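Residue numbers (the working numbering): 69 to 181.
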């Protein structure tokens, strides 16, 4: 199983790719999709960037961080739109989408959160 994890952002979207095999995780790659311009153009860049990562690594699972309510509602809305662009890229490739809270992710990675 190959898992693509996405940490969405309206300016920088992070990703990590792991292969789960024989009860072990193996690092395959990670990086950032850095976008610029107006919001509509940034969302398109996120969609295209995630699509390219899916083509490169051929994941079988897609995981993305859930939206959390920040102090600034406008930032939360932009984050939600960035998540949507990434999720559409995954669903266009028929990948199952799993959503996790930031706390769940931190607990899984470092044991606390």
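The beta-carbon is built from N, C-alpha and C at its ideal position, and this holds for glycine as well. Note that the structure is predicted; figures quoted are calculated from it, not measured.
Original post:
Is it the case that the Cβ atoms of residue 95 and residue 107 are separated by a distance below 8 Å?
Top reply: Between residue 95 and residue 107, the C-beta spacing is not below 8 Å.
**OP:** Since I believe residue 77 is in contact with residue 131 (beta carbons under 8 Å), could you give me their beta-carbon distance rounded to a whole number of angstroms?
**Re:** The beta carbons of residue 131 and residue 77 sit about 16 Å from each other, so the pair does not count as a contact at 8 Å.
Original post:
Helix, strand or coil: which one does DSSP assign to residue 163?
Top reply: Residue 163: coil per DSSP, three-state reduction.
Original post:
Roughly how far, in whole angstroms, is the beta-carbon of residue 170 from the beta-carbon of residue 115, given that I think they are within contact range, below 8 Å?
Top reply: Contact flag wrong, Cβ pair sits at about 23 Å.
Subject >> Given residue 147 as reference, the closest of 91, 93, 70, 111 once Cα atoms are compared >> reply: In terms of CA proximity to residue 147, 111 leads the group 91, 93, 70, 111.
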